[in-house]
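Chemist: Using the working numbering, the first residue of the sequence shown is number 6, and each one after it goes up by one.
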Amino acid sequence: MPKATTQFVCSECGYTSPKWMGRCPDCGKFNTLVEEVIAPTPAKKAGTMSKPSRALPLSKVTFEKYARTSSGISELDIVLGGGIVRGSLVLVGGDPGIGKSTLLTQVAAHLAKEHRVLYLSAEESCSQVKLRCERLGLNSDNLLLLNETNLEAAEESFYDVEYVVVDSIQAIYTDSLTSAAGSVGQVRECASKLMRIAKSRGITFFIVGHVTKEGTLAGPKVLEHIMDAVLYFEGERTENFKILRAVKNRFGSVQEVGVFEMTGEGIFGVSDYSTLFLSDSRGVAAGAVVTPSETGNRCMMVEIQTLMAKTAYGLPRRMSIGVDLNRLVVLIAVLEKRCGVALGMQDVYLNAMGGIRLGEPSADLAVCAALASAERMTAVDKFTAVFGEVGLTGEVRGVSFADKRVNECLKMGFKRVILPAKNMKACEKFQNKIELIPVTYVTQMIKALFPC
Ligand SMILES: Nc1ncnc2c1ncn2[C@@H]1O[C@H](COP(=O)(O)OP(=O)(O)OP(=O)(O)O)[C@@H](O)[C@H]1O
Ligand SMILES: [Mg+2]
6 MPKATTQFVC SECGYTSPKW MGRCPDCGKF NTLVEEVIAP TPAKKAGTMS KPSRALPLSK
66 VTFEKYARTS SGISELDIVL GGGIVRGSLV LVGGDPGIGK STLLTQVAAH LAKEHRVLYL
126 SAEESCSQVK LRCERLGLNS DNLLLLNETN LEAAEESFYD VEYVVVDSIQ AIYTDSLTSA
186 AGSVGQVREC ASKLMRIAKS RGITFFIVGH VTKEGTLAGP KVLEHIMDAV LYFEGERTEN
246 FKILRAVKNR FGSVQEVGVF EMTGEGIFGV SDYSTLFLSD SRGVAAGAVV TPSETGNRCM
306 MVEIQTLMAK TAYGLPRRMS IGVDLNRLVV LIAVLEKRCG VALGMQDVYL NAMGGIRLGE
366 PSADLAVCAA LASAERMTAV DKFTAVFGEV GLTGEVRGVS FADKRVNECL KMGFKRVILP
426 AKNMKACEKF QNKIELIPVT YVTQMIKALF PC
């Protein structure tokens, strides 16, 4: 077989060059040349024609049923859409130290009870992995450990196993490319090789992927395209609670999330997550409001806390953890302009409890309520929840799953819910069980919370 050679291709304009250059001579962009393998095309024999594929009617197409295996962690099974599908590639991404290796070690040890499992650790030595297994109380002879960074060398160990954990894709390299491990070309090539192995031999791969400073997966976007499922670990490193979210899943919904707790004995799924994101000082301190947040297919009560301090310098500071900073800035402007809440000379700090990220606009009204409460130095009643989207004119817009949110408030013992007037019809059935206060403008919400 002729030896595969490589070339450098500009990821912006497609310019090719036999050697690496810092700047593409064609489009002028810097650092865009990525190494690629030039696969030699096999010479066709004269007179031979490849057989064309036939189109089939839908009724004639046979399909394979996906056999699912439990990972031993029910929250992970939920995120995967009901269990692990044989022959699939699952990418687990997340910040450093969030618990990727811990989770996958536990999954590997569970699977090793009935299957042959290989843990390919390119980042840690076998003794480090064993140390972790000892700490987590895991032990199995079917769990094989391998410390190797070269993919071709590791491939030999893939022959008689059913599950492989690769920790991590950025630490392994293939001989086909000359660039360093972790480079865009290497990550892409290694992932494609693993995909070919997975599909041809029916091996299931769990692959750890690191994230960049911006929080996206390091490496090319094509990495996510190759995978069958892409899961992200979210949460602050200092918080014990982490959320596992599917951003792509070929075998299930991406609406599901898993809630995990990190302890010294390992990472565990939390099924009772109802009070995780609420503080004990609720209703005492000013600036805290609870909102029912729809994360994945679950509704969780999340406390939003705000703090205000007089600006020391000319420019007021805004800081937000868990809510988009731009969103916070817009809501501050709405409060100033439409509701007369003076925040221009105040530094504003906001935190969503428990390290959760509130991505949906339904938290807007609760953010406004928390800011108004902090500005007035008056605490909001402990049993009042607030939800709704806020527009730039100061109006409150309806949100999805309003009845589910009110139901969660009811379940959690809340007595009052301030909600968008547009959602009132869907929630009428709860009227005799919980006090519902419909609002059309943010000013109405402030009046309802602070009557005098
Ligand atoms: N002895 C210990 N006791 C309690 N917790 C520990 C102990 N050792 C590690 N941890 C926890 O495990 C976490 C590290 O987990 P893990 O190694 O699985 O992370 P990771 O996501 O794989 O990180 P990396 O990206 O660096 O590989 C630490 O943040 C820490 O909270
Ligand atoms: Mg790790």
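Beta carbons: idealized from backbone N, C-alpha and C, even for Gly.
Taking 8 Å as the cut-off, decide whether the C-beta atoms of L125 and A159 are in contact.
Modeler: yes
Chemist: Verify whether the separation of the beta carbon atoms of P366 and E341 is less than 8 Å.
Modeler: no
Chemist: Would the beta-carbon of A203 fall within 8 Å of that of L94?
Modeler: yes
Chemist: With DSSP run on the structure shown, which of helix, strand or coil describes I248?
Modeler: strand
Chemist: CA-CA distance, G364 and L370?
Modeler: 14 Å
Chemist: Residues bridged to D172 by DSSP?
Modeler: S126
Chemist: According to DSSP, is S64 helix, strand or coil?
Modeler: helix
Chemist: Report the option in G190, L151, S286, S173 whose CA atom is closest to the CA atom of A384.
Modeler: For A384, the nearest C-alpha among the options comes from S286.
Chemist: At a threshold of 7 Å, does I103 count as lining ligand 1 (C-beta to nearest heavy atom)?
Modeler: yes
Chemist: Do you know how far the Cα of T74 is from the Cα of G87?
Modeler: 8 Å
Chemist: Looking at the unbroken alpha helix (DSSP H) that takes in K438, where does it start and where does it end?
Modeler: Note, K438: premise wrong, no alpha helix (DSSP H); not H, not E.
Chemist: From the DSSP output, in three-state form, read off K315 for me.
Modeler: strand
Chemist: If we count Cβ pairs, one from each stretch, closer than 8 Å, do we get three or more for the region 396-405 versus the region 307-318?
Modeler: no
Chemist: Check whether the Cβ atoms of R255 and D233 lie closer than 8 Å to each other.
Modeler: In contact: R255 and D233 (Cβ atoms closer than 8 Å).
Chemist: Helix, strand or coil: which one does DSSP assign to E308?
Modeler: Here E308 sits in strand by DSSP.
Chemist: Helix, strand or coil: which one does DSSP assign to C32?
Modeler: coil
Chemist: Please determine, among K198, R421, Y237, F211, the residue with the shortest C-alpha to C-alpha distance to T217.
Modeler: Residue Y237 holds the alpha-carbon nearest to the alpha-carbon of T217 among K198, R421, Y237, F211.
Chemist: Around the C-beta of G33, are 16 or more other C-beta atoms found within 10 angstroms, so that it is buried, or is it exposed?
Modeler: Exposed, since its Cβ has fewer than 16 Cβ neighbours within 10 Å.
Chemist: Counting only the same chain and skipping the five closest in sequence on each side, list residues whose C-beta sits under 8 Å from that of S493.
Modeler: Nothing can be reported for residue 493: it is not among the residues displayed for the chain, which extend from 6 to 457.
Chemist: Out of curiosity, what's the CA-to-CA distance linking E119 and R59?
Modeler: 40 Å
Chemist: With a cut-off of 8 Å on the beta carbons, I'd call M267 and L283 a contact; round off their distance for me.
Modeler: Actually they are not in contact, since the Cβ atoms of M267 and L283 sit about 19 Å apart, beyond 8 Å.
Chemist: Note down the Cα distance separating V447 from K105, rounded to an integer number of angstroms.
Modeler: 42 Å
Chemist: Excluding the five sequence neighbours on either side, which residues of its own chain have a C-beta within less than 8 Å of the C-beta of L228, listed in chain order?
Modeler: Counting only residues of its own chain and dropping the five nearest sequence neighbours on each side, L228 has a CB closer than 8 Å to the CB of L96, I174, V192, R193, A196, G214, L222.
Chemist: Would you mind stating whether A176 and E128 have Cβ atoms separated by less than 8 Å?
Modeler: Result yes, Cβ atoms of A176 and E128 sit closer than 8 Å.
Chemist: Could you have a look at V294 and say whether DSSP puts it in helix, strand or coil?
Modeler: V294 falls in the strand class under three-state DSSP.
Chemist: Consider the C-beta atom of G269 and the heavy atoms of ligand 1; say whether any pair is separated by less than 7 Å.
Modeler: yes
Chemist: Determine the DSSP secondary structure at Q449, reduced to helix, strand or coil.
Modeler: Helix, per DSSP.
Chemist: Check the C-beta distance from S76 over to A114 and give it rounded, since I have them as a contact under 8 Å.
Modeler: S76 to A114, Cβ: 11 Å. No contact.
Chemist: Is it the case that the Cβ atoms of S378 and L355 are separated by a distance below 8 Å?
Modeler: no
Chemist: Return the bridge partner residues of S76 from the DSSP annotation.
Modeler: According to DSSP, S76 bridges with nothing at all.
Chemist: Which residue wins for smallest C-alpha separation from N428, given the options R362, M417, V444, E440?
Modeler: When each option's Cα is compared against that of N428, the closest is V444.
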